[in-house]
Amino acid sequence: MSHPLVAAVWEQLDRPDLENILHEIIGEHAASLAVSAGQYGSVSAMESLTESVLWIQTLFNMQRTYLQGLATPQDCHPYYAPRLISSDVVFSTLMYLAKVKTDLFPCSKPTASEFLRYRHLIGHTFLVGIRLLILRGEAMTSETKFRLERAMRSAWEHPDLSQSESFLINDLLPKAIASIGSQDLFHAQQSLLHSSKAYISVFSSRIYPFPGTPDTLVTDLLTALMGRKDDQLTSFCLLFDLLWAAESALIQYYMDRRRIFQEQGYTSGAALEVDEAFNQTQDNRKKLARTILAAFDDEFNTPSLQVLATVILSQTAGEQAPLQTRRIRDSWSQSAPLRESTDSALGVMVRWLINRRVQMWNCNGELAALSHDYQQHLADWLQLSPFPAKTRKGNAGAVYVVNCPAVHPVPEALLEEQLRSSDRKAYEQLREKSRFLTIDTLCPLCPGRVKIQHARMIEPLERVPGALNFANSESSGRYSFPNSVSRQTVSRSSSRTNSTDRLSRMDSVEALRSPVSPISQSLSFFKLSGKGHLPTIPDTTNAFMTRPRTGQPQEKQLIRSLSKDFRNVTLSLTGSTSLFRRGSSKGHHPPPQPKFCFSSSGQSLLLWESASSYVMRFEINTIDGIKARCHRYDVTGVQHAAAGHQLCAIIASAAEHYELLIFRNKSAIPEAYLAIEMPYPYSPVSCMVMSRDDRYVAFTLKDNVRVYEIGAFGIRQILLGGKADYYAVDNITRGSHINSNHKVETAGQDKKSTEEVIATRLQFSIDGRRFIVATHLGNQNAYVDIWNCIEQEWKLEPGGSKYLKLPPWTSDDGDLTCVFYDSFNETVVLTAFIGREYPISYSLSGDKFTSDPVSPRIVHAAQSPSGSRFVIANGMKQMYLCDATASGSLIPTKMKKAISKMNPSAFRPDQLAFSFPGENEVFAFWAKEGKLTLRTISLHTGGEAVSDYDLRPEFDRLIAERPPITDFHGPRHQPSSLSRQIDSEIEGLQSIPRPNLPELPAV
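The opening position of the sequence shown corresponds to residue 1 in full-length UniProt numbering, with each subsequent residue numbered one higher.
Here is the structure:
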């Protein structure tokens, strides 16, 4: 048995709906059993059908760990108490296992020798289940005990039972069943432990290091078993429990080890401490196991020792037997197939649990849409709620009305964010609190690209709430979350349960209802149509007006969601006449503002929409013309994605944290995932990259840079310079960047603007041995760091941290677009959407920064597999092929045919993407006017050859096969499903019936 594999299973099972999981395992197994219709002739078929039995045994063993060392379940820690499976469920599972045993191994037929280990597995699962019932300590009627014993005996009425099976079924387990509900066994064990000054650790405290067992106690227990005393139950159960206490300590070590290494690194004090505890646990476990195996080697005909020896040999991982005697080596070899099938079943169980968790996000159309809305509303509420420890800074800011068609009122903070990256002159006027602004930017609240030229200050936000509160009090009811709902509680439930679990808790919202307002009574004759519903003004509107400012992105997100709610109000009369009609759309529209990027290998393209429920992956093959095979990853709340060669990494939002999911090729099930806490209430992911060898993934969380290593046993965080927050704002201007020859002058500049991170760009070198971070600060300084990825602890390359001064802001300037490292020439190439020439490349061996005429307004760039060639496109609708030199300069060659018939609007940041999969082949992609255009540019002497391919048919095919969540309810708006359900009940509207899912109860 692989302890790291069991640890991975336990991580997935650390949740309160274990009974649901057990029901689903039994349900799927019963269906497989029915489909097989008695065809169990092959070993593979039998192994497939007994796989679920081992899953059940794993669940039972985890329950034993929760209860070990406790007198009653009432002594269990409150956090783990909801994770306990009830005695009734354990009993019904054992009854089902008895039926499975009869179906797979009828007593009327002899069992083939190659199938005996599977029959023994069911018997050992019975042993674990009955021991769990004893640990539960709950009373069971005599009739129930009789039914369980009768079912067990009738299932094992074989004439060819082995000694160990006969001992279990006819001797040990009947006595164990009789002791269910009694405390006698517990007190007898505690008496033996106390007399030997030994103990079994309680799970709520630290269960490792395993303290070991005194030799005298083990000898006395083995003597009682070998002497075949009448009361063998106490001795056997105590040894059985001690063995599992050692195994569970090792499993818990691997769980803690993975968490500590991810959070603190391999060399931290906590990591060294757990490693030391692991060594002690392993030594004590080996000592206990060898003592029992030595007794079995001497008295191999003792059935109780045969059972314990089988338990030890099946749970011991490694290449060699724990005791080097001939009999033990033979038994070790005989149990090898059982160990292999155990590890295989555990691996499948991990994938099944992850798949179950992911699939529950999209379990069906209506429920998935409702749960997505509920989760999004919950996340918004958590992000917008102020932290008690933070004090309010400054006033609430002013509101500017802009001249867009909708005449949107834009908060000052939101307008400031928009202007900072688009119109520097207007940005400075805004900071001076000008009442009238002449601007040239896009409206931050309008869908699409709506230009605005003027803005006028109206009323500060802090003076508005009174009027709004008065209006709201007369027009509609108000709903709010109860004060008892804590951030910590919601976070735990969001991270440990799937979205449908959260949805099922909506039955408890009765206390949230407000009295029916006159407006809702007057609208009672309206009825929801099949394609729309009536959203109400969320309570977060007033909360936004009255709460202290906690940050610009929250306000932007909230205002956009409110505008979307108001635009998509759709009412219908009881008849077929509709008040507002929507034109029917033909086909499936691609996302209006898609996000896309090529994989680091350049052979695939990722396409998604922010906060959507899918990521499309187009595999590109140009051997026989352009062929793009599309695959779709279904993930709710997509924030960003990146791909390497075979793996794809996706970051998705889940309440107040993110989740990193790793998919392989066309797999619909993530191979690994990791919960990532946000450093701030709202931390957008602006850049994400993956190394070509699929080993590393890196991304930004606001001003933080996170790097993770993807290994065979999970995901661990890489600490840059030994710090998790190396790139926090406070550390950006650290002395490692600025030496005596390069000093950053900040006199006369706003300190906040100076320290503000405008953009961060990341990249791995082609060979995966370097990691490059480029940071653009508000003082127009760009810092570039080159990290060495070879060593266990990543450190900066000697001379690898430099800064360069970018030209002053001009109107319509953007920020950094790409950064690359040429390992052969040891040069750095930095591109940005800036209107003037700036240092675009430099060599690590010198301090000379090289500017180039092609540098202004670079939209996107890509690097060839050799690392020394680059393709660059700028905002003047020009494309260049550049060759790097040893001095750090670039030799550009203009590409003429490559830009033919390209939409001019594609030459803007985030509207065009490149990849350089081969030295003589370039891919370009842009999405305009409903087309998803992939262009292949073949490079040859004297020019280029261009061919285009529309990915839209592949996109439509996948959407038609599996429509995304947003297609089930017509136009997508984001009121919470919680408020929608309350409104529909209060106002007499027809609500979508919530499916009856008993397997997903409220938590």
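No residue lacks a Cβ here, since even glycine has one placed at the ideal position from N, Cα and C. Small disclaimer: the values here were computed from a predicted structure and weren't measured.
For residue i and residue j, what's the separation of their Cα atoms in angstroms?
i: Thr302; j: Gln68; result: 27 Å
i: Ser2; j: Lys666; result: 27 Å
i: Tyr673; j: Gly347; result: 15 Å
i: Trp10; j: Glu247; result: 13 Å
i: Phe436; j: Val401; result: 10 Å
i: Gln717; j: Ile662; result: 14 Å
i: Cys404; j: Leu419; result: 15 Å
i: Asp275; j: Pro4; result: 14 Å
i: Ser484; j: Ser182; result: Confidence at Ser484 is low in this model, with a pLDDT of 35, below 50, so its placement is unreliable and no value can be given for it.
i: Ser864; j: Glu921; result: 9 Å
i: Leu104; j: Ile790; result: 53 Å
i: Gln763; j: Gly722; result: 20 Å
i: Ala112; j: Asp298; result: 29 Å
i: Thr141; j: Ser92; result: 14 Å
i: Ser79; j: Val202; result: Residue 79 is actually Tyr in this sequence, not Ser. About 14 Å.
i: Leu579; j: Ala406; result: Note that Leu579 has pLDDT 30, beneath the 50 cutoff, so the model's placement of it is unreliable and no number is given.
i: Ala803; j: Pro209; result: In the sequence under discussion, the amino acid at residue 803 is Tyr, which differs from the Ala named in the question. The alpha-carbon atoms of Tyr803 and Pro209 are separated by roughly 49 Å.
i: Ile959; j: Ser601; result: 26 Å
i: Phe240; j: Leu308; result: 7 Å
i: Gly27; j: Ile858; result: 57 Å
i: Lys109; j: Gln306; result: 25 Å
i: Gly251; j: Ala271; result: This sequence places Ile at residue 251; Gly is not what is there. Answer to the nearest angstrom: the Cα atoms are 16 Å apart.
i: Pro409; j: Leu430; result: 15 Å
i: Asp822; j: Cys443; result: 39 Å
i: Leu844; j: Glu919; result: 24 Å
i: Asp634; j: Arg770; result: 32 Å
i: Ile891; j: Gly930; result: 36 Å
Shortest alpha-carbon distance to residue i belongs to which of the options?
i: Glu837; options: Ser845, Lys848, Asp847 and Pro853; result: Pro853
i: Ala8; options: Val350, Gly27 and Glu165; result: Val350
i: Gly835; options: Ser92, Ser422 and Met46; result: Ser422
i: Val819; options: Pro807, Gly799, Ala862 and Ser845; result: Ala862
i: Ala317; options: His640, Asp343, Ser331 and Leu305; result: Asp343
i: Leu323; options: Lys287, Glu340, Gln189 and Ser947; result: Lys287
i: Asp231; options: Asp160, Ser304 and Cys648; result: Ser304
i: Val311; options: Arg327, Trp332 and Gln320; result: Trp332
i: Gly711; options: Val705, Val697, Ala724 and Leu719; result: Val697
i: Asn874; options: Ser841, Thr831, Ser900 and Val128; result: Thr831
i: Thr760; options: Ile772, Glu793, Ser44 and Thr636; result: Ile772
i: Pro592; options: Leu605, Ser604, Ser610 and Ser600; result: Ser610
i: Asp847; options: Ile858, Gly918 and Thr827; result: Thr827
i: Ser947; options: Phe925, Ser32 and Thr941; result: Phe925
i: Tyr118; options: Gly129, Gly137 and Ser42; result: Ser42
i: Ser905; options: Leu890, Glu954, Tyr254 and Ala927; result: Ala927
i: Arg456; options: Ala426, Cys446, Pro447 and Val450; result: Ala426
i: Leu222; options: Leu293, Arg869, Met46 and Asp330; result: Leu293
i: Cys446; options: Glu428, Trp794 and Leu415; result: Leu415
i: Asp694; options: His645, Phe126 and Val35; result: His645
Kindly give me the distance between the Cβ atoms of residue i and residue j, rounded to whole angstroms, as I take these residues to be in contact under 8 Å.
i: Gly800; j: Ile786; result: 3 Å
i: Ala345; j: Leu54; result: 4 Å
i: Pro679; j: Leu647; result: With 8 Å as the limit, Pro679 and Leu647 do not qualify as a contact, their Cβ atoms being about 25 Å apart.
i: Gly137; j: Glu165; result: About 27 Å; that fails the 8 Å criterion.
i: Thr234; j: Leu185; result: 6 Å
Less than 8 Å separating the Cβ of residue i from some heavy atom of the ligand NAP?
i: Asp813; result: Within the structure as shown, the ligand NAP is missing, as the structure has no ligands at all.
Can at least three beta-carbon pairs, one atom from the segment 170-177 and one from the segment 128-147, be found at a separation below 8 Å?
yes
Counting Cβ pairs, one atom from each stretch, are 3 or more of them under 8 Å apart for the segment 843-861 and the segment 896-903?
no
Return the chain-ordered ranges of every alpha helix (DSSP H) run that is complete within the segment 151-232 and spans a minimum of 4 residues.
163-167, 173-178, 184-195 and 215-226
Any contact of the segment 211-228 with the segment 73-90, i.e. 3+ C-beta pairs under 8 Å?
no
Please give the ranges of any beta strand (DSSP E) in the segment 902-965, keeping only runs that are unbroken, at least 3 residues long and fully inside the region.
913-918, 921-928, 931-940 and 943-950
Which residue spans inside the segment 845-887 form an unbroken beta strand (DSSP E) run of at least 3?
849-851, 858-863, 869-874 and 878-884
Completely contained alpha helix (DSSP H) runs for the segment 745-808, where each covers 4 or more residues:
751-755
Can you confirm whether the segment 55-64 touches the segment 20-37 when touching is taken to mean that 3 or more C-beta pairs between the two stretches lie within less than 8 Å?
yes
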